[in-house]
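A.B. asks:
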Amino acid sequence: FEKSLQMCQKTKDSIGISIAQGNLGSVNFKLKNFEDSEKYFKSAFGISKRHGDLEGIKEVGEGLSNLYSNLGNGDLALYYYKAFIEARDTLNNEEFKKIALIKEMEFKFDREKEKKAILVEADKKRQQLYTTSVVIILFLVLIFSGLLYKRFNLTKKQKTIIENQKLIVEEKQKEIISKGKKKKKNL
4 FEKSLQMCQK
14 TKDSIGISIA
24 QGNLGSVNFK
34 LKNFEDSEKY
44 FKSAFGISKR
54 HGDLEGIKEV
64 GEGLSNLYSN
74 LGNGDLALYY
84 YKAFIEARDT
94 LNNEEFKKIA
104 LIKEMEFKFD
114 REKEKKAILV
124 EADKKRQQLY
134 TTSVVIILFL
144 VLIFSGLLYK
154 RFNLTKKQKT
164 IIENQKLIVE
174 EKQKEIISKG
184 KKKKKNL
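Under our numbering, the first residue of the sequence shown carries the number 4, and numbering increases by one thereafter.
#1: Quick one: is I60 buried, meaning 16 or more other Cβ sit within 10 Å of its Cβ, or exposed?
#2: Looking at the ligand COA, does it come within less than 7 Å of K182, judged from the CB to the closest heavy atom?
#3: Beta-carbon separation of G64 and A90 under 8 Å?
#4: Starting from the N-terminal side, write out each stretch of the alpha helix (DSSP H) that is 4 residues or longer and does not extend beyond the region 39-121.
#5: What residue range does the alpha helix (DSSP H) around N31 cover?
#6: Distance check for S136 and S148, CA to CA, integer angstroms please.
#7: Taking C-beta to C-beta, are F99 and N69 nearer than 8 Å?
#8: Are there three or more Cβ pairs, one per stretch, closer than 8 Å when the region 78-95 is compared with the region 113-129?
#9: Cβ of G28 within 8 Å of Cβ of G66?
#10: On the three-state DSSP scale, how would you describe N36?
#11: For F87, which residues in the same chain have their Cβ closer than 7 Å to its Cβ, ignoring the five residues on either side in sequence?
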């Protein structure tokens, strides 16, 4: 941890320094070297406070609370315990907010997906309706065309029959006229 602290000091990484000092404070606390532990913990706590590093305040605050509790300094133990609890609760609250935000975003995403699926389905139905309508209209046009074609052929046949009958009538009329002329000549 000493090397880590030296590297962080060289690179002027404040949060890294705080973490390394917190780790050194924990190691010295476990070794019952309370003076060094206090020095590292306090330095790390100050850096974490200045930078608003809630995770650092939580970890180091807990360490300082335990240290002062072991040393029999209840007031300082309580002060750092409160700092630890406040940081922990804030982090938990932020974590809860993150989780809630993620859930809300997932819900919105799912809703948007459902809307898109509904729109796609509606488009499919609309397209199917258009296709069906076009087929029905084409079928009706085909039937109407067939009826017109039949009607046209019937009219054509009737016209041919009428023309033939007209020719027959004209021939008969010519025959009658020519017979009438012959009768007149014969008289």
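All C-beta atoms, glycine included, are put in the ideal place defined by N, C-alpha and C.
Because the structure is a prediction, the values reported are computed rather than measured.
C.D. replies: Working from what's here:
#1: buried
#2: Ligands displayed in this structure: none; no statement on the ligand COA is therefore possible.
#3: Yes, Cβ-Cβ distance for G64 and A90 is below 8 Å.
#4: 57-74
#5: 17-33
#6: 18 Å
#7: no
#8: no
#9: yes
#10: coil
#11: K61, G64, E65, S68
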